[in-house]
Amino acid sequence: MAVTDHVDLNGFMEGVKKRNPYQPEFVQAVQEVAEDIFDFMQDKEEYHSQQILRRIAEPDRVVSFRVCWEDDNGNIRVQRGWRVQNNNAIGPYKGGIRFHPSVTESVLKFLAFEQTFKNALTGLPMGGGKGGSNFNPKGKSVREIMRFCQSFMTELYRHIGADIDVPAGDIGVGGREIGFMFGQYKRITNNFTGVLTGKGLEWGGSLIRTEATGYGAVYFLANMLATKGEDLTGKTAVISGSGNVATHAAEKIVQLGGKVLTLSDSGGFIHDPDGINQEKIDWVKTHKTHRRGRIEEYVEAFPGATFHAGKTPWGVPCDVALPCATQNELLGEDAKMLVANGCRAVSEGANMPTDLDGVHTFKHHKILYAPGKASNAGGVAVSGLEMSQNSERRSWKEEELQQMLKDIMSGIHNSCIKYGDQGGGYIDYVKGANIAGFKKVADAMLAFGVV
Ligand code: NDP
Ligand code: 2IT
């Protein structure tokens, strides 16, 4: 037996912790996957001897760079930028860019690791990557954001390419920022290519990319409920966040007959017992995205609602919950509260919003619980379709894309059942997603030998 063979889960995690000090988010993401994969690998000698999980948990490369820019007062500002290229066994690196003051190497490494499994689940040929900066877009003028994006791309451009690594949006990066970065890429390289996704419709973007993550998370939720013979009609939903993913998840819940009770931001949550209908969702989109307002101002526009400063919405009784803001926003105690209040299904729009305690609580109570790598894959899936349209130099119709998104989400749901069905009517979606995503990447890696 080779010396590296057969460390157990604890031994493996000890190594991960040792090699990644001060990177708690990365260690957490690896742990959540390793718990299932060690079980799965028990009788699969090749995965062990070829050190496949160990290799997936070591990014292919982490690029870190300085981003200098000048603010409106002429001050020179210095931020840090990164691109984590985690794994390209099944396609070019693919994953979003996040601008938020909480961004660290650990956060981007966890996101790139998760992205590797998520992208494999979509069935499209995409590897996993993630990038971003600790730049805080809040309170910055549009011109400041433009200068920052240009400076960020002035370094990033040399690491990406339509067949190398294709970034997109994430927290703090939407259509406007993608436009500024694409403009700078084109200016530097003189190359009009599908190097970013989430582009505007006039310059190579895809229909429904904006809506895809939130809609996809609700399609996944509907698929889970269908296994119990249920649908969303009349169901109450608690949603966190009020950005791209949260507002489009809310929109699809309403379209499918559910009632949305909450939205939130980093200041707290609003509770609207009358339901957040389409008109109110449109108000939130305009207010948060275009006017860059705060969710607490909702209660002035819609006086039936209340604002709860500094709190998350998980204490509001509901049938279904969709965490759509950020990582570790739903903790063990929150999970217990949701279950005690009768919540039956959780579909994650955000990446790793539930901490490990919360994950174990949902699994213990055997509720319908979808991890983000399965349920929020609709966004990157339509990004993959945007790449195909760019290669083809054509744009597909909205109905075709809507159907493809639904089919991809059902396909992911089926993969979760294939590897996560525990019998007795319980599907462990975390296990199903981890194993299905791992197997695809692992088998490609085996084909390549030791590289
Ligand atoms: P947005 O920037 O559009 O919105 C982010 C929302 O989350 C805002 O309401 C923001 O509040 C809140 N938020 C961000 N950071 C924190 C924090 N530290 N604490 C509390 N609230 C916070 O981002 P998206 O909607 O695009 O992304 C939301 C989540 O979905 C992220 O986890 C992202 O990785 C994930 N995701 C996004 C995809 C996409 O296509 N956009 C695809 C798949 C997953 P505030 O305004 O106060 O900052
Ligand atoms: O977390 C994610 O999947 C995203 N932010 C979307 C990535 C993409 O490349 O569209």
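So the sequence shown is numbered by our numbering: it starts at 235 and just counts up by one. Every residue gets a Cβ at the ideal spot worked out from N, C-alpha and C, and that includes glycine.
Residue i CB to nearest heavy atom of ligand 2 below 7 Å
i, result
"K328", "yes"
"K343", "no"
"G544", "no"
"G434", "no"
"T356", "no"
"Q194", "Residue numbering for the chain in the displayed model covers 235 to 685; residue 194 lies beyond these limits and cannot be assessed."
"A604", "no"
"R402", "With the sequence shown as reference, residue 402 is identified as Ala, and Arg is not the correct amino acid for it. A402 Cβ: within cutoff of ligand 2."
"T431", "yes"
"K570", "no"
"S617", "yes"
Assumed close pair residue i, residue j - CB separation to whole angstroms, cut-off 8 Å
i, j, result
"D506", "G538", "6 Å"
"A584", "P605", "About 11 Å separates the two Cβ atoms, so there is no contact after all."
"G448", "V407", "About 16 Å; that fails the 8 Å criterion."
"L243", "F272", "4 Å"
"G361", "N321", "5 Å"
"G365", "I331", "5 Å"
"V494", "I473", "6 Å"
"A446", "A559", "With a Cβ gap of about 18 Å, A446 and A559 do not count as contacting."
"R528", "G501", "5 Å"
"Y391", "G363", "The pair is not a contact, with the Cβ atoms about 15 Å apart (cut-off 8 Å)."
Start and end residues, alpha helix (DSSP H) containing residue i
i, result
"P258", "258-275"
"K607", "606-609"
"K493", "Taken as a continuous stretch (DSSP letters only), K493 belongs to no alpha helix (DSSP H), being part of the beta strand (DSSP E) at 493-499."
"R314", "No alpha helix (DSSP H) holds R314; the beta strand (DSSP E) holding it covers 310-321."
"F682", "663-682"
First and last residue of the uninterrupted beta strand (DSSP E) at residue i
i, result
"I331", "327-333"
"D399", "399-402"
"K364", "361-367"
"W303", "295-304"
"H542", "540-543"
Near ligand 1: residue i beta-carbon under 7 Å from a heavy atom
i, result
"N668", "no"
"S609", "no"
"S336", "yes"
"F500", "The sequence given here places Ser at residue 500; Phe does not occur at that position. Yes, Cβ of S500 sits closer than 7 Å to a heavy atom of ligand 1."
"T560", "yes"
"D506", "no"
"T447", "yes"
"F476", "First, the residue type needs correcting, since residue 476 is Ser and not Phe in the sequence shown. Yes, the Cβ of S476 comes within 7 Å of a heavy atom of ligand 1."
"E563", "yes"
"G325", "no"
"A263", "no"
Buried or exposed by the 16-neighbour rule on C-beta atoms within 10 Å, applied to residue i
i, result
"S367", "buried"
"D589", "buried"
"A483", "buried"
"S476", "buried"
"V675", "buried"
"Q656", "exposed"
"A402", "buried"
"F682", "exposed"
"E248", "exposed"
"Q276", "exposed"
"I310", "exposed"
"D508", "exposed"
"T467", "exposed"
"R578", "buried"
"I286", "buried"
"P587", "buried"
"V400", "buried"
"E633", "exposed"
Near ligand 3: residue i beta-carbon under 7 Å from a heavy atom
i, result
"Q319", "For the structure depicted, ligand 3 is absent and the ligand set comprises only ligand 1 and ligand 2."
inquiry  = Can you confirm whether the stretch 566-574 touches the stretch 582-595 when touching is taken to mean that 3 or more C-beta pairs between the two stretches lie within less than 8 Å?
reply    = yes
message = Contact between the stretch 456-465 and the stretch 423-442 is defined here as three or more beta-carbon pairs at a separation below 8 Å; is this criterion met?
response = no
query = Does the count of Cβ pairs from the stretch 546-554 and the stretch 437-451 closer than 8 Å reach three?
reply = no
query = Does the count of Cβ pairs from the stretch 304-312 and the stretch 375-393 closer than 8 Å reach three?
reply = yes
message = Tell me whether the stretch 606-624 and the stretch 345-357 touch, counting them as touching only if at least three CB pairs, one residue from each stretch, are closer than 8 Å.
response = yes
query = Should the stretch 256-265 be called in touch with the stretch 656-675, which here means at least 3 C-beta pairs below 8 Å?
reply = no
query = How do the stretch 635-645 and the stretch 309-324 stand: do at least 3 beta-carbon pairs fall below 8 Å, yes or no?
reply = no
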